Amino acid sequence: MVRRILIANRGEIAVRVIRTCRELGIETVAVYSTADRDSLHVQLADQAVCIGPPPSAKSYLVKENLIMAALRTGCQAIHPGVGFLSESADFARAVQKEGLIFIGPDPEVIDLLGDKVQARNTAKKYGLPITPGTEGAVQDPVEAAKIARELGYPVIIKAAAGGGGKGMRVIRREEELAENLAIASREAAANFADGTVFIEKYLENPRHVELQIVADGKGTVLVLGERDCSVQKRHQKLIEESPSPAVDEDMRRRMSEGAVRMFRELKYRGAGTIEFLVSGKDFYFMEVNARIQVEHPVSEFVTGIDIIRQQILACTEGRMEIDPETVRLSGWSIECRINALSPGKVHRLDVPGGPGVRFDSFLYSGCTVPPHYDSMVAKLIVYAPTRPLALARMDRALRELRIEGIKTNAAQQRWIINHPKFQSGDFGTGYYAEIEKEVEHVH
Ligand code: ADP
């Protein structure tokens, strides 16, 4: 058992990891930029190390400083959280080179899955359907036009190294293709240090469905149900739920079988997510996120499993505590991301409570939300026996939540939760765009 872990992250996810470490009896070392000196993760950890000034490029993204902090404080492992360096194979490699454990899969696996073109080919090899599209990179506009014509418009140009909803362009007519291909490649090179792009068929209003995986790296691969993340604002997830209203037993089984084959073959270790687009009864592999995800709590609610605990045990001891025979999905869980619409000081915070309510956040009364980082400040997650009961519970919990001093999207989330189309469960990734004008008037 490792004794001490450094958490190379901030905010809500750092707090979340500290909580599980404490339950495991593992000490934690937090890192912080000077903007986060008074942040909750710094207060909750056993020790904290300042790693630089506010811009993440000078603090949370400086690999050498994070590793140095881990070595100096006597840590045996590093948990990367989400975002920042969580999917950096170079970081994982550097961590391992210093004799530390990286809490994630091997760097070679991160490399393979981080490249969407390679990931598509791998998924195909293990029998998973992929969105129709190019097998490799596309550069030549003439070739691109031929491929797009065969696929039929609309198509989407994607960066092989893209992530976080960035680096994608939807093309509806051939005239737009050549120019956008060049722009997309330039943008990809600037943002991801890799200009490789590829082309896929653009599905109209599909659902985003993903499977939560945990694996011990030795062949045990477990699927902890699916999540539906179809409520997205410009490809960024806003509300997630488990199970998905669009997935039945048969689709869940077909998706899981291919996913398990792929993760087992990759000797995958820790927590991971495999994402699909669902259109009617068909599903298509999209990508793998080789890390814990923001929306993992809905899967924790419906399975009763602490996913970060299993992730840490898998990566530090090569074991998990779950008997595969006993994994059961029950009830319904929904998560609303609470985003700050402006940074600033929180004068008052009333946290919702009561049965089936979980609030994961780094906020406290009197804290300051710095302007330098991701706008997500909290996640409100509810659990109930059925979807209608979970919706009523989320409405109730959002009414209890009170954050004064900064503007958030909490009222907008409540509006969506009560919108007839969301309540019906019948919506796709185009849903938010349909309601955007109305939502933005809600305060
Ligand atoms: P990222 O890695 O940036 O998160 P993804 O490949 O996961 O990008 O795609 C993010 C979102 O973009 C999806 O959830 C979906 O809404 C949309 N999307 C991606 N590919 C397609 C496609 N071929 N057709 C329709 N929508 C797509």
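Going by the working numbering, the sequence shown opens with residue 991, and the numbers climb by one from there.
All residues carry an ideal CB built from backbone N, CA and C; glycine is no exception.
All values derive from a computational prediction rather than experimental measurement.
C-alpha distance - residue i paired with residue j, whole-angstrom precision
{"i": "glutamate 1307", "j": "isoleucine 1068", "result": "14 Å"}
{"i": "phenylalanine 1188", "j": "glutamate 1133", "result": "11 Å"}
{"i": "threonine 1018", "j": "alanine 1059", "result": "12 Å"}
{"i": "valine 1145", "j": "lysine 1335", "result": "44 Å"}
{"i": "arginine 1327", "j": "glutamate 1430", "result": "16 Å"}
{"i": "aspartate 1184", "j": "alanine 1249", "result": "27 Å"}
{"i": "valine 1039", "j": "alanine 1004", "result": "14 Å"}
{"i": "leucine 1056", "j": "alanine 998", "result": "7 Å"}
{"i": "alanine 1047", "j": "aspartate 1036", "result": "25 Å"}
{"i": "alanine 1330", "j": "arginine 1139", "result": "42 Å"}
{"i": "lysine 1227", "j": "aspartate 1364", "result": "13 Å"}
{"i": "histidine 1225", "j": "arginine 1006", "result": "25 Å"}
{"i": "valine 1288", "j": "glutamate 1428", "result": "27 Å"}
{"i": "glycine 1207", "j": "valine 1107", "result": "23 Å"}
{"i": "glycine 1290", "j": "proline 1375", "result": "The residue you asked about is not glycine; residue 1290 is glutamate in the sequence shown. Answer to the nearest angstrom: the Cα atoms are 14 Å apart."}
{"i": "glycine 1001", "j": "arginine 1009", "result": "13 Å"}
{"i": "valine 1072", "j": "glycine 1154", "result": "11 Å"}
{"i": "arginine 1163", "j": "aspartate 1080", "result": "39 Å"}
{"i": "isoleucine 1177", "j": "aspartate 1101", "result": "Here residue 1177 turns out to be glutamate, not isoleucine, going by the sequence shown. Computed Cα separation, rounded: 20 Å."}
{"i": "aspartate 1240", "j": "isoleucine 1173", "result": "41 Å"}
{"i": "glutamine 1129", "j": "leucine 1171", "result": "8 Å"}
{"i": "alanine 1168", "j": "proline 1131", "result": "5 Å"}
Contact test: residue i Cβ vs the ligand ADP heavy atom, cutoff 7 Å
{"i": "histidine 1198", "result": "yes"}
{"i": "alanine 1071", "result": "The sequence shown places glycine at residue 1071, not alanine. Glycine 1071: no, Cβ never under 7 Å from the ligand ADP."}
Continuous alpha helix (DSSP H) stretch holding residue i: start and end
{"i": "threonine 1316", "result": "Taken as a continuous stretch (DSSP letters only), threonine 1316 belongs to no alpha helix (DSSP H), as it is neither H nor E."}
{"i": "histidine 1069", "result": "Where histidine 1069 is concerned, there is no enclosing alpha helix (DSSP H), although the beta strand (DSSP E) it sits in stretches over 1067-1069."}
{"i": "methionine 1384", "result": "1377-1390"}
{"i": "aspartate 1218", "result": "Run containing aspartate 1218: none in the alpha helix (DSSP H); it sits in the beta strand (DSSP E), 1211-1223."}
{"i": "glycine 1248", "result": "1239-1255"}
{"i": "glycine 1001", "result": "1001-1014"}
{"i": "cysteine 1357", "result": "Note, cysteine 1357: premise wrong, no alpha helix (DSSP H); not H, not E."}
{"i": "tyrosine 1143", "result": "Taken as a continuous stretch (DSSP letters only), tyrosine 1143 belongs to no alpha helix (DSSP H), as it is neither H nor E."}
{"i": "phenylalanine 1412", "result": "1410-1414"}
{"i": "serine 1323", "result": "From DSSP, serine 1323 is part of no alpha helix (DSSP H) but of the beta strand (DSSP E) over 1322-1329."}
Sequence-distant residues of the same chain with beta carbon closer than 8 Å to residue i, five excluded per side
{"i": "glutamate 1216", "result": "Val1199, Glu1200, Leu1201, Gln1202, Ser1232, Pro1233, Ser1234, Val1237, Arg1242 and Met1245"}
{"i": "arginine 1338", "result": "Ser1355, Arg1392, Ile1393, Glu1394 and Gly1395"}
{"i": "leucine 1353", "result": "Leu1030, Val1336, Leu1339, Val1359, Val1367, Ala1368 and Ile1393"}
{"i": "leucine 1061", "result": "Glu1088 and Leu1090"}
{"i": "alanine 1434", "result": "This structure gives no information on residue 1434, because the portion of the chain shown stretches from 991 to 1433."}
{"i": "glutamate 1498", "result": "Nothing about residue 1498 can be reported from this structure: the residues present for the chain run from 991 to 1433 only."}
{"i": "threonine 1112", "result": "Leu1102, Leu1103, Met1252 and Leu1256"}
{"i": "isoleucine 1016", "result": "Met991, Val992, Arg993, Arg994, Ile995 and Ile1302"}
{"i": "cysteine 1305", "result": "Ala1067, Ile1091, Phe1092, Ile1093, Gly1094, Gly1207, Arg1259 and Gly1260"}
Spatial neighbours of residue i in its chain, beta-carbon cut-off 7 Å, leaving aside the 5 residues before and after
{"i": "serine 1049", "result": "Ser1023, Ile1041, Gly1042 and Pro1043"}
{"i": "proline 1045", "result": "His1362"}
{"i": "serine 1269", "result": "Leu1193 and Pro1196"}
{"i": "serine 1320", "result": "Val1292"}
{"i": "tyrosine 1274", "result": "Pro1119, Ile1120, Thr1121, Phe1266 and Leu1267"}
{"i": "glycine 1064", "result": "Arg994"}
{"i": "leucine 1256", "result": "Val1099"}
{"i": "glutamate 1277", "result": "Lys1106, Ala1109 and Glu1265"}
Spatial neighbours of residue i in its chain, beta-carbon cut-off 6 Å, leaving aside the 5 residues before and after
{"i": "isoleucine 1137", "result": "Thr1124 and Ile1189"}
{"i": "valine 1341", "result": "Phe1349"}
{"i": "valine 1211", "result": "Ala1205, Val1250, Phe1253 and Arg1254"}
{"i": "isoleucine 1324", "result": "Glu1231, Val1372, Ala1380 and Met1384"}
{"i": "asparagine 1279", "result": "Thr1263"}
{"i": "aspartate 1026", "result": "Arg1000"}
{"i": "cysteine 1357", "result": "Val1336"}
Residue range of the unbroken beta strand (DSSP E) whose run includes residue i
{"i": "aspartate 1364", "result": "Neither: aspartate 1364 is in no beta strand (DSSP E) and is coded neither H nor E."}
{"i": "alanine 1232", "result": "According to the sequence displayed, residue 1232 carries serine and not alanine. Taken as a continuous stretch (DSSP letters only), the beta strand (DSSP E) holding serine 1232 covers 1226-1232."}
{"i": "serine 1175", "result": "First-last for serine 1175: 1167-1182, but that is the alpha helix (DSSP H), not the beta strand (DSSP E)."}
{"i": "phenylalanine 1273", "result": "1272-1279"}
{"i": "aspartate 1206", "result": "1197-1206"}
{"i": "serine 1269", "result": "1259-1269"}
{"i": "serine 1023", "result": "1017-1023"}
{"i": "glycine 1294", "result": "Taken as a continuous stretch (DSSP letters only), glycine 1294 belongs to no beta strand (DSSP E), as it is neither H nor E."}
{"i": "valine 1347", "result": "1347-1351"}
{"i": "leucine 996", "result": "994-997"}
*Please list, in chain order, all residues with a C-beta atom less than 7 Å from at least one heavy atom of the ligand ADP.*
Lys1106, Thr1121, Ile1146, Lys1148, Gly1152, Gly1153, Gly1154, Gly1155, Lys1156, Gly1157, Met1158, Glu1190, Lys1191, Tyr1192, Leu1193, Pro1196, His1198, Cys1219, Gln1222, His1225, Glu1265, Leu1267, Met1276, Glu1277 and Thr1419
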